[in-house]
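Heads up, the thing below is written out as C-alpha cells.
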Amino acid sequence: MVWEFFFVGKKDGELRPCIDYWGLNKVTVKDHYPLPLTTSAFEALQLASIFTKLDLHNAYNLVRIREGDEWKTAFITLSGHYEYLVMPFGLMNAPSVLQWYINEALREALDRNVFVYFKNILIYSQMLPDAELPFVIEVDASEVGVGAVLPQPSGEDKKLHPCAYFSQRLSPAERN
Numbered sequence: 001m002v003w004e005f006f007f008v009g010k011k012d013g014e015l016r017p018c019i020d021y022w023g024l025n026k027v028t029v030k031d032h033y034p035l036p037l038t039t040s041a042f043e044a045l046q047l048a049s050i051f052t053k054l055d056l057h058n059a060y061n062l063v064r065i066r067e068g069d070e071w072k073t074a075f076i077t078l079s080g081h082y083e084y085l086v087m088p089f090g091l092m093n094a095p096s097v098l099q100w101y102i103n104e105a106l107r108e109a110l111d112r113n114v115f116v117y118f119k120n121i122l123i124y125s126q127m128l129p130d131a132e133l134p135f136v137i138e139v140d141a142s143e144v145g146v147g148a149v150l151p152q153p154s155g156e157d158k159k160l161h162p163c164a165y166f167s168q169r170l171s172p173a174e175r176n
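Heads up: the sequence shown begins at 1 in this note's numbering, then just goes up one per residue.
Spelled out as C-alpha cells, the structure:
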C-alpha cells in the first residue's frame, strides 16, 4: 500500500504536505481509548483561579510508529518512496494514541490539577505561592530541552502542589 501525497495551501500562503490515509483508516480497527469530554473540565475548573495552558504543537510527531508497522504509512513522491517513523496526522487512531501517552505521562496529576484534551494540557490551581512556605525545585533535562516545576506544600495534607512550570527547547548553541 502506498498513499497519495499532495500539498494544501495554508492561510499564510505556505504549503502543508498531506497524505490521504482514507484507505488505511477504512481497514483499521478503531481504538476505543476514552477521549475526554470538554464538559468534564468545567466541573474541575470551577474553583480554580490560576490557569496555564500548554499546547503540544507537534506532539503527534513525538509518538513512534510501532516497529514493523512503518510500511502502513508509506507514500511516494517524485523524489522517492518514504515511510513514517513517527505518527503522522491523518491516522484514525492518532488522537486516542496521543491521549493515552499524555495521560500516562501525567497520570499522577490528572483529575487533581491537570486536564488533558488531545495535545492541549490545562494546568489549574486554587492557590498562589506563599513566600512563607518552603519551595521545592524539580528539574529535568534532555538533549533537546529543559523543564522545571516549582511545587509547594499546601492544604491540610501539606502535599506538594505545583505553583509554577517552565520548559524550553534548547537552541543549537545551548546544546553544545
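We put the beta carbon where it would ideally sit given N, CA and C, even for glycine.
Given the structure is predicted, the values throughout are model-derived calculations rather than measurements.
### Query
If you draw a straight line from the C-alpha of D20 to the C-alpha of H81, how long is it?
15 Å
### Task
Below 8 Å CB to CB, which residues in the same chain sit around W71 once its five sequence neighbours on both sides are set aside?
M1 and E83
### Message
Within the continuous beta strand (DSSP E) that includes Y101, where are the two ends?
### Response
Where Y101 is concerned, there is no enclosing beta strand (DSSP E), although the alpha helix (DSSP H) it sits in stretches over A94 to A105.
### Query
Under a Cβ-count criterion, where at least 16 other Cβ atoms within 10 Å of its own Cβ denotes burial, should Y60 be classed as buried or exposed?
buried
### Task
Taking the CB atoms as reference points, tell me whether Y165 and I137 lie closer together than 8 Å.
no
#### Entry: For L62, three-class secondary structure by DSSP
helix
### Message
Three Cβ pairs or more, each shorter than 8 Å: is that satisfied between the segment 41-51 and the segment 89-106?
### Response
No, the segment 41-51 does not touch the segment 89-106.
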